[in-house]
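Working notes, beginning with the structure itself.
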Ligand SMILES: C[S@@+](CC[C@H](N)C(=O)[O-])C[C@H]1O[C@@H](n2cnc3c(N)ncnc32)[C@H](O)[C@@H]1O
């Protein structure tokens with residue numbers, strides 16, 4: 005299954021420090037605070053990051069904080085760009101190689117939509133976690149680009165987001181409850197991006213869409229994509245551009261930790 009849909013900064017960015025998109029900085033800070041849930045960082049660690057990918061999203065959330073723990077993914081994590089004080093383990097979240105209550109927090113960013121057995125997976129994460137579990141999933145079905153007053157490129161965006169879960173908020177809450185977890189909070193976060201320049205969030209999302217549609221799946225001709233992209237750029241140059249991204253953010257509590 006391709007894992008092209010992520011809000012993490014691109015890995016190929018040329019710098020020692022992975023660049024965090026300016027548009028997401030407050031969002032990442034809020035995620036960190038939510039995960040701590042009023043605790044001191046030392047009480048929140050070790051933490052478990054489920055489905056880390058190359059670790060850039062984890063870096064964006066934990067950079068400069070004393071939170072550390074273990075990052076797991078089913079894919080090989082050879083190209084680790086995540087925080088250097090985290091351990092990296094290749095494992096499937098459906099069967100975690102850790103003792104009960106080994107962690108004091110867990111987080112899972114943009115992985116929910118890939119889970120084949122969400123209830124089993126959430127139960128397994130709950131087994132190894134004695135503290136809050138933060139689930140963040142971009143609601144790709146709500147991805148939206150506007151130029152001037154009009155929504156444009158809807159069919160291209162649809163092709164990119166195909167297969168993304170609908171009714172995401174309900175799916176997350178229902179799976180969590182079926183896994184015996186308490187849903188402490190669940191919210192819709194809207195991220196609005198109005199800049200379209202190198203290094204901006206919208207620029208990188210458009211790069212991902214292009215890579216997937218034109219190169220990886222070859223379902224859209226480059227010329228067609230580039231025409232749309234140019235139209236968005238023209239609008240941005242006239243301050244008439246916006247991109248909207250929605251994310252579902254859920255904080256779950258395993259049974260014992262109330
Ligand atoms: C879209 S990427 C998200 C990576 C990162 N968390 C981020 O936000 O950029 C999804 C990741 O979840 C991993 N994944 C999917 N199912 C998994 C499972 N059952 N156990 C562990 N990792 C899984 C994939 O290998 C992939 O690296």
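Residue numbers (my numbering): 5 to 262. Note that beta-carbon positions come from the ideal geometry of N, C-alpha and C, so glycine has one too.
DSSP places residue 24 in no alpha helix (DSSP H); its state is neither H nor E. The C-alpha of residue 95 is placed about 7 Å away from the C-alpha of residue 101. Rounded to the nearest whole angstrom, the CA to CA distance from residue 143 to residue 126 is 19 Å. Counting only runs that start and end inside the region 132-214, the beta strand (DSSP E) elements of at least 3 residues fall at 137-142, 148-151, 186-197. For residue 63, the distance from the CB to the nearest heavy atom of ligand 1 is not below 7 Å. Looking from the CA of residue 114, the closest CA among 186, 84, 62 belongs to 62. Of the heavy atoms belonging to ligand 1, at least one sits nearer than 7 Å to the Cβ of residue 98. Beta bridge pairing from DSSP links residue 103 with no other residue. Residue side-chain check: residue 76 places its Cβ nearer than 7 Å to a non-hydrogen atom of ligand 1.
A check of alpha carbon separations from residue 48 across 64, 40, 247 identifies 40 as the nearest.
Residue 68 counts as exposed, since fewer than 16 other beta carbons sit within 10 angstroms of its beta carbon. Within the DSSP bridge table, the entry for residue 73 names 51 as partners.
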